[in-house]
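S.K.: Please read through the structure below; I'll follow up with questions.
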Amino acid sequence: MILAAVLAAAAVLGRTVRGRAWAMLGALILTPVLLVGEIWNSPQVETIRDRPVLGLAAAGIGVVAMGGLAWLFARRPGFFAVLALAALPFRVPVEAGGSTANLLVPLYVVIGAGALAWLIPRLAARHAGTPAERAGWLEWVLLGGIVLYAAQSIYGDGHAKAFEQVIFFYVPFALLFVLLRGLEWTPRRLLWGGGVLVVLALIFTGIGFWEFQTRHLLLNPKVIASNQVEEYFRVNSLFFDPNIYGRFLALVMLGLASVLLWAKRPRNLLLAIAALVVLWGGLLTTLSQSSFAALLLGLVVLAALRWSVKLVAIPVALAVVVAAIVIFAFPSALRLDFDSDSLNDATSGRVELMEGGVDLAREKLLTGWGAGSFNTEYRRAERASGREATSASHTIPITVAAEQGIVGLAVYIALLVLAFRRLLRGASGNPVRAAIAAGFAALVLHTWLYAAFLEDPVVWTLLALGSALAASAPRSRRRPADDATAALNGHRKESAAVVP
Numbered sequence: 034m035i036l037a038a039v040l041a042a043a044a045v046l047g048r049t050v051r052g053r054a055w056a057m058l059g060a061l062i063l064t065p066v067l068l069v070g071e072i073w074n075s076p077q078v079e080t081i082r083d084r085p086v087l088g089l090a091a092a093g094i095g096v097v098a099m100g101g102l103a104w105l106f107a108r109r110p111g112f113f114a115v116l117a118l119a120a121l122p123f124r125v126p127v128e129a130g131g132s133t134a135n136l137l138v139p140l141y142v143v144i145g146a147g148a149l150a151w152l153i154p155r156l157a158a159r160h161a162g163t164p165a166e167r168a169g170w171l172e173w174v175l176l177g178g179i180v181l182y183a184a185q186s187i188y189g190d191g192h193a194k195a196f197e198q199v200i201f202f203y204v205p206f207a208l209l210f211v212l213l214r215g216l217e218w219t220p221r222r223l224l225w226g227g228g229v230l231v232v233l234a235l236i237f238t239g240i241g242f243w244e245f246q247t248r249h250l251l252l253n254p255k256v257i258a259s260n261q262v263e264e265y266f267r268v269n270s271l272f273f274d275p276n277i278y279g280r281f282l283a284l285v286m287l288g289l290a291s292v293l294l295w296a297k298r299p300r301n302l303l304l305a306i307a308a309l310v311v312l313w314g315g316l317l318t319t320l321s322q323s324s325f326a327a328l329l330l331g332l333v334v335l336a337a338l339r340w341s342v343k344l345v346a347i348p349v350a351l352a353v354v355v356a357a358i359v360i361f362a363f364p365s366a367l368r369l370d371f372d373s374d375s376l377n378d379a380t381s382g383r384v385e386l387m388e389g390g391v392d393l394a395r396e397k398l399l400t401g402w403g404a405g406s407f408n409t410e411y412r413r414a415e416r417a418s419g420r421e422a423t424s425a426s427h428t429i430p431i432t433v434a435a436e437q438g439i440v441g442l443a444v445y446i447a448l449l450v451l452a453f454r455r456l457l458r459g460a461s462g463n464p465v466r467a468a469i470a471a472g473f474a475a476l477v478l479h480t481w482l483y484a485a486f487l488e489d490p491v492v493w494t495l496l497a498l499g500s501a502l503a504a505s506a507p508r509s510r511r512r513p514a515d516d517a518t519a520a521l522n523g524h525r526k527e528s529a530a531v532v533p
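In structure tokens form, the structure reads like this:
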């Protein structure tokens with residue numbers, strides 16, 4: 034696991050192009066082997082395990098399919114950009130390490146094919162030993178944090194959870210970060226990628242409306258059970274969690290909101306408004322408070338980047354003051370109770386989880402209990418008797434502090450500072466970069482109220498896109514007509530290009 038994390042880091046931070054390519058190849062070989070070994074005894078692969086011939090045939094088909102995708106991506110990098118974005122939401126539940134992990138299998142296939150298309154030409158090139166583009170502080174902290182997380186699993190009791198995080202999520206997403214950051218994000222690719230996400234969000238919302246109307250969920254037994262005893266009905270569409278479904282809808286809505294703030298064509302405005310109305314209805318059916326809060330923060334960031342921080346800060350501050358006065362002055366009218374038990378019930382037990390996480394962090398302040406050990410240590414302290422949702426504190430900073438101590442928390446804070454610095458700088462005049470920065474801010478807030486930070490590929494995607502656009506900003510001071518010409522002629526350039 035540690036070796037896989039080091040290889041992923043070297044694929045981003047290596048000094049030479051060939052060195053990065055060899056590191057990516059090593060990660061591409063080692064990670065699937067570890068992943069298959071972890072899920073080999075799971076029920077999902079029972080058919081393949083009991084029938085070796087069928088397993089070999091399936092593996093052969095997979096290799097051929099990945100090779101075909103790699104060939105396509107090498108000739109048309111734009112397809113990789115669009116398919117990578119399209120594969121972000123799709124998860125397959127797989128039992129591993131005594132629990133169920135939702136693996137992004139379609140995304141793994143796209144990443145593997147894109148990595149092959151990237152590394153093969155670079156390993157074969159004569160001048161691949163030339164120095165690679167220098168990585169910034171953000172890349173060093175991001176990938177260094179992954180290696181630190183893997184190393185801190187040594188002294189803890191959360192080996193299975195840490196293994197799942199590193200092998201199932203961190204290493205593949207680090208390769209995704211490399212590939213997306215190196216692409217030339219033309220207006221045409223951005224338009225197609227964003228359009229695919231909007232279409233997917235509308236399809237998911239339609240399925241969610243059907244679930245709400247029929248009172249029947251397609252996935253997630255836990256939510257199905259809770260819907261049977263609660264007065265309300267939560268929808269998660271094809272996702273395995275209403276909060277993750279709500280997070281996805283909120284991020285797409287922020288992209289559409291940037292269209293409202295910057296677009297001038299009436300047709301674009303009307304289409305964006307219509308899509309926002311539908312997605313807002315879908316978000317309501319999730320009843321995800323964390324997603325509503327994330328959307329609100331993202332809209333504030335968008336408004337600040339569109340106009341000015343001072344102009345937005347005044348009404349936001351007034352709204353906060355008015356809300357605080359109403360909440361604290363008239364709690365009975367709003368049926369609010371601020372004692373810990375009531376707050377814990379209102380937040381589905383998250384207050385109790387947060388308090389337990391803070392207690393764990395205090396006990397081992399410097400190094401924490403070890404990566405992935407929150408669940409084990411929380412239950413050992415008998416704080417989670419009979420509870421199931423203890424894999425994290427539902428507040429990422431608390432989980433990091435409990436598992437990795439001050440060392441890991443310092444890396445986490447540095448990552449946020451560097452990420453916001455890169456994404457926000459120069460984003461005020463660019464609707465795409467503004468939407469990315471707003472989306473990242475919304476994601477960070479969502480992780481403070483729910484969970485899933487670096488194990489969410491959307492975080493890596495936003496950082497990669499923001500980094501790519503920030504790097505190309507000084508060189509792209511062209512007229513709109515030039516951008517339109519480049520978009521129309523993009524297919525000519527793609528035919529002779531390799532995934533950067």
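Add 33 to the 1-based position in the sequence shown for this note's numbering, that's all there is to it. All residues carry an ideal CB built from backbone N, CA and C; glycine is no exception.
1. ASN135 bridges to which residues according to DSSP?
2. Would you report the Cα separation of LEU442 and ARG412, rounded to the nearest angstrom?
3. Alpha carbon to alpha carbon, how far is GLY95 from LEU224?
4. Return helix, strand or coil for ALA183, following the three-state DSSP convention.
5. Taking Cβ positions only, does ALA184 come closer than 7 Å to chain C?
6. Would you call the segment 297 to 315 and the segment 444 to 462 touching, i.e. three or more CB-CB distances under 8 Å?
7. In terms of residues, what are the limits of the alpha helix (DSSP H) holding THR64?
8. Three or more C-beta pairs under 8 Å: does that hold for the segment 81 to 89 against the segment 183 to 201?
9. Could you tell me how far apart the beta carbons of ALA327 and ALA460 are, in whole angstroms, since I believe they sit closer than 8 Å?
10. Relative to the alpha-carbon of ARG155, which residue among LEU213, ALA54, PHE242 has its alpha-carbon at the smallest distance?
11. Exposed or buried, which one is VAL97 when buried takes at least 16 other CB atoms within 10 Å?
12. Rank PHE196, LEU235, ILE144 by C-alpha distance to the C-alpha of ALA207 and give the top, closest one.
13. Among all the DSSP beta bridges, which residues are the ones paired with PRO164?
14. If you reduce the DSSP assignment to three classes, tell me which class MET550 lands in.
15. Would you kindly work out how many angstroms separate the C-alpha atoms of GLY227 and LEU284, rounded to a whole number?
16. What would DSSP say about LYS397, mapped onto helix, strand or coil?
17. Between which two residues does the alpha helix (DSSP H) holding ASN408 run?
18. Taking GLU410 as the reference, give the member of ASP392, GLU488, LEU175 with the closest Cα.
19. The alpha helix (DSSP H) that contains TRP104, what's its start and end?
20. Pair every Cβ in the segment 319 to 326 with every Cβ in the segment 267 to 286, then say whether three or more of these pairs are closer than 8 Å.
21. Report the three-state DSSP secondary structure of ARG511 (helix, strand or coil).
22. What is the residue span of the alpha helix (DSSP H) that SER500 lies within?
23. Have a look at GLU385 and ALA435 and give me their C-alpha separation to the nearest angstrom.
24. Around the C-beta of ASP274, are 16 or more other C-beta atoms found within 10 angstroms, so that it is buried, or is it exposed?
25. Mind reading off the beta-carbon distance from ALA60 to ALA41? Whole number of angstroms is fine, and I expect it under 8 Å.
M.R.: To lay it out plainly:
1. PRO126
2. 22 Å
3. 30 Å
4. helix
5. Here chain C cannot be found, since the structure has a single protein chain.
6. no
7. 50 to 72
8. no
9. Their Cβ separation, rounded to whole angstroms, is 18 Å, which puts ALA327 and ALA460 out of contact at 8 Å.
10. ALA54
11. exposed
12. ILE144
13. THR49
14. Any property of residue 550 remains undetermined from this structure, which presents the chain solely from 34 to 533.
15. 11 Å
16. coil
17. 407 to 413
18. ASP392
19. 85 to 108
20. yes
21. Summary for ARG511: the model assigns pLDDT 42, below 50, so the residue's position carries little reliability, and this model does not support an answer.
22. 490 to 505
23. 14 Å
24. buried
25. 5 Å
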